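Here the sequence shown is numbered in numbering that gives the first Met the number 0, starting from 0 and rising by one per residue. These notes are about the structure you will find just below.
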Amino acid sequence: MDIVKEKLWPSTAGPAPLSYSSTTPSDWVDFSQQSLIIAIASILFNPVFWNIAARSEYHSKTITKLAFGNPYHGCYLLAITIFSLGIFRDALYERALQDQPTLDILTTPLAKLAAATLFATGNILVITSMWALGLTGTYLGDYFGILMDHKVESFPFNVTSAPMYYGSTMSFLGTAIWFGKPAGLLLTVEVLVVYIAALRFEDPFTSEIYAKRERQRAMDAIKKTG
Ligand SMILES: *[C@@H]1O[C@H](CO)[C@@H](O)[C@H](O)[C@H]1NC(C)=O
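Written out as structure tokens, the structure is:
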């Protein structure tokens with residue numbers, strides 16, 4: 000009986016200690032916490048979900064049909080869903096961090112300052128890009144046939160090509176450092192990898208949507224003059 004208990008001990012040790020000054024990197028992230036696995040899954044799920052939804056809308060008008068044939072209402076429906084999933088994911092992330100060990104070197108005043116700066120800058124990038132793109136521009140309106148008149152090149156798009164994704168990643172990083180959690184740094188790397196993969200999947204597709212419109216415009220111009 001005692002042997003079994005001892006073997007089980009690491010995973011039944013109860014909540015993680017509040018402060019953890021171990022210098023062994025293998026102790027920095029507690030993979031036995033279910034909340035961590037849920038956060039990992041949620042970070043991966045969101046972009047996968049919106050890309051499947053958007054492609055399905057583009058090819059079969061799935062969401063427009065759900066919105067009784069109105070593409071704008073369909074896009075608003077998707078916007079509310081993606082926004083809510085984002086809030087939920089952020090809550091799961093913070094919940095996961097609570098169950099994780101804290102690393103003392105991440106809790107210095109300088110680290111707190113860096114964390115706050117990253118979080119604020121990240122949120123500025125996200126909010127200003129939503130402002131620049133508008134609701135349908137932010138939430139995949141292109142896939143509904145709601146195209147932007149021209150490419151947005153004003154701030155924050157003159158700083159980075161994907162301010163929404165990189166801004167969001169910065170906020171995750173800021174939160175990880177603010178709470179002093181190495182596990183948060185690991186989840187931030189996951190956020191970045193997932194967003195880079197999403198960009199590689201999304202960018203060529205949306206470029207083609209706009210290229211198609213340009214070809215159509217050129218054809219119309221020829222018809223008009225011819
Ligand atoms: C981006 O545009 C803003 C104004 O919209 C400007 O203040 C800023 O200097 C520009 N940044 C770069 C890197 O061009």
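Note that CB positions come from ideal geometry on N, CA and C, so glycine has one too. Predicted, not measured: the structure shown is a model, and the values here were computed from it.
Where residue i falls, given that 16 or more other Cβ within 10 Å makes a residue buried
i      : result
Gly183 : buried
Met0   : Because Met0 sits at a pLDDT of 32, beneath the cut-off of 50, its placement in the model cannot be relied upon, and the following sentence gives the value as read from the coordinates. Result: exposed.
Glu5   : Any reading at Glu5 must be qualified, since the residue scores a pLDDT of 33, below 50, and its modelled position is unreliable; no value is offered.
Gly173 : buried
Asp96  : Asp is not the amino acid found at residue 96; the sequence shown has Leu there. Buried is the call here.
Ile2   : Its pLDDT being 33, under 50, Ile2 is placed unreliably in this model, and the coordinates cannot settle the point.
Thr107 : exposed
Ser10  : Confidence at Ser10 is low in this model, with a pLDDT of 42, below 50, so its placement is unreliable and the value that follows should be read with caution. It counts as exposed.
Trp27  : buried
Asp29  : buried
Phe143 : buried
Gln33  : exposed
Gln215 : exposed
Leu139 : buried
Leu134 : exposed
Val125 : buried
Pro181 : buried
Met155 : Before going on, a small fix: residue 155 reads as Pro here, not Met. Answer is buried; the Cβ neighbour count reaches 16.
Gly68  : exposed
Ile79  : exposed
Pro203 : exposed
Ile36  : exposed
Leu102 : buried
Pro16  : The pLDDT assigned to Pro16 is 48, lower than 50, so where the model puts this residue is not dependable; a value taken from the coordinates is nonetheless given after this. So Pro16 ends up on the exposed side.
Nearest-angstrom Cβ-Cβ length linking residue i and residue j, presumed shorter than 8 Å
i      : j      : result
Val190 : Ser153 : So it is not a contact: roughly 26 Å between Cβ atoms.
Leu105 : Ile176 : 6 Å
Ala38  : Tyr92  : 5 Å
Asn50  : Phe200 : 6 Å
Asn45  : Arg88  : 6 Å
Gly73  : Leu65  : 7 Å
Pro70  : Ile145 : 6 Å
Ser55  : Thr61  : 4 Å
Met129 : Thr137 : 5 Å
Leu117 : Met169 : 5 Å
Ile208 : Asp148 : Contact flag wrong, Cβ pair sits at about 14 Å.
Leu77  : Ala114 : At roughly 32 Å, the Cβ-Cβ gap does not stay under 8 Å, so Leu77 and Ala114 are not in contact.
Leu198 : Ile42  : With a Cβ gap of about 15 Å, Leu198 and Ile42 do not count as contacting.
What are the uninterrupted segments assigned as alpha helix (DSSP H) that are 4 or more residues long and contained completely in the segment 51 to 117, given in chain order? Listed in chain order, they are 61 to 65 and 70 to 97.
Along the chain, which unbroken stretches of the alpha helix (DSSP H) at least 4 residues long are found entirely within the segment 121 to 180? Scanning the segment 121 to 180 from its first residue to its last, the whole alpha helix (DSSP H) runs of 4-plus residues come out as 162 to 177.
Give me every residue whose Cβ sits closer than 6 Å to any heavy atom of ligand 1, in chain order. Applying a distance threshold of 6 Å between residue Cβ atoms and the heavy atoms of ligand 1 selects Ser153, Phe154, Asn157 and Val158, given in chain order.
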